[in-house]
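Inspection log for the structure reproduced underneath, given as C-alpha cells.
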Amino acid sequence: MAHTRTQPATLAPEALGPVTPEEAVLLKKLDLARLPRHIAVIMDGNGRWAQKRHLLRAAGHRAGTQSARTTIETCARLHVEALTLYAFSVENWRRPKAEIEFLMQLLRDYLRKEMPLLQRNNVRMRFLGRPEELPAGVQKDTREATEETARNTGMVLSIALNYGGRAEIVDAMNAILMERNGHGGTQPVTEELLARHLYTAELPDPDLLIRTSGEMRVSNFLLWQIAYAEIFVTETLWPDFNRARLLEALLDFQKRERRYGGIDSERGAAARAAR
Ligand code: FPP
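Under the working numbering, the first residue of the sequence shown is numbered 105, with each subsequent residue one higher.
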C-alpha cells in the first residue's frame, strides 16, 4: 500500500496563488512530494464557535462552509488525491429538527454556489452514506453534483452525509450477501472483498485524519479505512480552520514516522544486524 505519492513535477508552491506571510513560511517547510494521498476531516466546533460570539448555531455552520471551501480548494491545488469531509452522521438526526433542516438547506445552497469552484479545480464529487434516508431534494442535488463532476479527473471530494462507519460495514456485508444470494458462494470474505464493497471503494485509505475543536474521538467515521491513519487533533474550531491551520496539519503529518505495524528502517537495520 503506497501512502504518499510523488507529486507531478509541475506542482509548485505558487499553485496556491497569493499567500499570507504565515502561509509562505509554512509552505517553505512543506515537502510537496510527500503529501497525504487521502485526507479525512471531522469538521467539529461550529456550535461552540457561534456560542463564543453569542450567535445562533446556524451562524457557526454557515461560517464552517468557508473553511470547507478553503480546505477543498487548497487540497485540490496541492494535488491531494482524495479529501473526505464528515458533514452529517447517522447520529446527527438526534439534533433539533430546525438545525437538521438548516444543515440540509445549507448543503444544497453550498452545492449550487460552489459548483463553479469545484469545476474550476477539476474536482470529482461523491457522497458517502445512506442516500435513501435523506430528503428528496437533497438526494436530487447530491445526485446532480455527482453527475456534473463525474468527468473531472482531479481530486475526489467525498462528502459523508447520513454516514456511519458501522452502518457502512454492515451495508458492505449485506451487499456481499446479496451478490452471493442464489450462487451458494461459501468462499470466506476477505479484507479486499469487504473494502471493495465499502462506500469508499476505489479510494486509497486516509493517511491523515484531522479533527477540529479538540475532541479525542473518531465518532464512527471511516472506522475500517482509518486503521493506519495518522490522527491530527487541533483545538481550532472548524470555522477558524483556515489555510495556515491546514498547512500546519500537513507539516505535522510529515513529521510522523509511519510503520504500519512494522519497525522503522533504522531500527530494522539494527535488529537485523543483531541477529
Ligand atoms: C460540527 O459542528 C459540524 C457539523 C455538524 C457538520 C456541518 C459542517 C458544515 C456545515 C461545514 C460545511 C460543510 C459542507 C460540506 C457544506 P457542531 O455543531 O457539532 O459543533 P459543536 O460540537 O461545537 O456543537
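Quick reminder that beta carbons are idealized off the backbone N, C-alpha and C, glycines included.
If I'm right that residue i touches residue j with Cβ under 8 angstroms, what's the distance once you round it to whole angstroms?
i: residue 185; j: residue 142; result: 6 angstroms
i: residue 259; j: residue 227; result: 5 angstroms
i: residue 326; j: residue 269; result: 6 angstroms
i: residue 291; j: residue 138; result: The pair is not a contact, with the Cβ atoms about 38 angstroms apart (cut-off 8 angstroms).
What is the DSSP secondary structure of residue i, reduced to helix, strand or coil?
i: residue 256; result: coil
i: residue 172; result: helix
i: residue 204; result: helix
i: residue 122; result: coil
i: residue 165; result: helix
i: residue 182; result: coil
i: residue 357; result: helix
i: residue 364; result: coil
i: residue 139; result: coil
i: residue 159; result: coil
i: residue 210; result: helix
i: residue 193; result: strand
i: residue 130; result: helix
i: residue 341; result: coil
Taking 9 angstroms as the cut-off, decide whether the C-beta atoms of residue i and residue j are in contact.
i: residue 342; j: residue 317; result: yes
i: residue 174; j: residue 145; result: no
i: residue 235; j: residue 246; result: yes
i: residue 130; j: residue 352; result: yes
i: residue 328; j: residue 273; result: yes
i: residue 233; j: residue 256; result: no
i: residue 356; j: residue 331; result: no
i: residue 171; j: residue 346; result: yes
i: residue 161; j: residue 149; result: no
i: residue 338; j: residue 314; result: yes
i: residue 283; j: residue 289; result: yes
i: residue 277; j: residue 241; result: no
i: residue 354; j: residue 122; result: no
i: residue 167; j: residue 154; result: yes
i: residue 263; j: residue 219; result: no
i: residue 128; j: residue 182; result: no
i: residue 192; j: residue 211; result: yes
i: residue 158; j: residue 206; result: no
i: residue 271; j: residue 194; result: yes
Using a beta-carbon distance below 9 angstroms, is residue i in contact with chain E?
i: residue 263; result: This model lacks chain E altogether, as it is built from one protein chain only.
Q | beta strand (DSSP E) segments (min. 3 residues) lying fully within the region 219-277 | A | Whole beta strand (DSSP E) segments, 3+ residues: 228-232 and 260-267.
Q) Could you give the uninterrupted runs of the alpha helix (DSSP H) lying entirely in the region 272-339, keeping only those of 4 residues or more? A) 295-300
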